[in-house]
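Respectively, the protein sequence lines represent chains A and B.
Heads up, the first sequence is in this note's numbering, so the first residue is 7 and it goes up one at a time.
Heads up, the second sequence is in this note's numbering, so the first residue is 377 and it goes up one at a time.
All C-beta atoms in this analysis are idealised placements derived from N, C-alpha and C, irrespective of residue type, glycine included.
In this text, all values refer to a predicted model and were calculated from it rather than measured experimentally.
Here the structure is laid out as structure tokens; the discussion comes afterwards.
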Amino acid sequence: KAGVTQTPRYLIKTRGQQVTLSCSPISGHRSVSWYQQTPGQGLQFLFEYFSETQRNKGNFPGRFSGRQFSNSRSEMNVSTLELGDSALYLCASSLGGRLSPLHFGNGTRLTVT
Amino acid sequence: DQQVKQNSPSLSVQEGRISILNCDYTNSMFDYFLWYKKYPAEGPTFLISISSIKDKNEDGRFTVFLNKSAKHLSLHIVPSQPGDSAVYFCAASGTTGTASKLTFGTGTRLQVTL
């Protein structure tokens, strides 16, 4: 079974630009979550989509948004990039149940200059 | 406000010995806890979990202990192997959230030496 696939692996953007990251979940998984990892902060929850609906949202500004398509694939968008947005963005999929463990992709490393 | 804390940024253990990784939490609403392992340039991999109705869960060389009164959990790896060298994250979810909204600690880097 193929794992969670994230594209691209690396991105370099300039402050003020916007960026879109893509995530393909494990086949059969209907829940897709996004996390931001920065040094010293661990992983911080951005949002979760389940069956094309945002089911949960973390404490991030509105510049961070996402969506999920009917095939469960998900995209995350960050507008008006700031230097502090430089991070590893991780996507995770699961069956969506209360105790379903998350399966993570290898992440997209975003650098904002 | 760090609700899940891993106070040891790093740990070094000899091959064959026991590795004990610790995690503390402050939110009483957390009722499900997980450990993830992360190698460089890879995403975190699920290791083991425990529900608050239990105080111990075992899976092969990995055992997680939960002390609810102390709001403390630990991961024991016995025996430790060089391939266990990685960053270990403790995570928790609460009764009001879904399994996907996890609160993570900042991680402990485990080095297993020969």
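Assigned secondary structure, ASP431 of chain B (DSSP; H/G/I helix, E/B strand, else coil): coil
Closer than 9 Å to chain B by CB, PRO31 of chain A: no
Bridge partners - MET82 of chain A, DSSP secondary structure assignment: A:LEU27, A:GLY72
Chain-ordered neighbours of TYR408 of chain B on chain A, where CB pairs are closer than 9 Å: ARG104, LEU105
Close Cβ partners of GLY22 of chain A (< 8 Å) along its chain, the five nearest in sequence each way excluded: THR86, LEU87
Residue closest to VAL440 of chain B, alpha-carbon to alpha-carbon, out of B:ILE453, B:ALA468, B:GLN390: B:ILE453
Beta carbon proximity, GLU391 of chain B to chain A, threshold 9 Å: no
One or two residues paired with TYR55 of chain A in a DSSP bridge: A:VAL38, A:GLN60
Chain A contact for PHE438 of chain B (CB, 9 Å cutoff): no
GLY113 of chain A at chain B interface by Cβ criterion, 9 Å: yes
Residue closest to ALA446 of chain B, alpha-carbon to alpha-carbon, out of B:ILE394, B:SER404, B:PRO385: B:SER404
Coarse secondary structure for LEU89 of chain A, derived from DSSP in three states: helix
Under 9 Å (Cβ pairs) to chain A, residues found in the region 456 to 489 of chain B: PHE465, ALA467, SER469, GLY473, THR474, ALA475, SER476, LYS477, LEU478, THR479, PHE480, GLY481, THR482, GLY483
Spatial neighbours of THR482 of chain B in its chain, beta-carbon cut-off 6 Å, leaving aside the 5 residues before and after: GLN382
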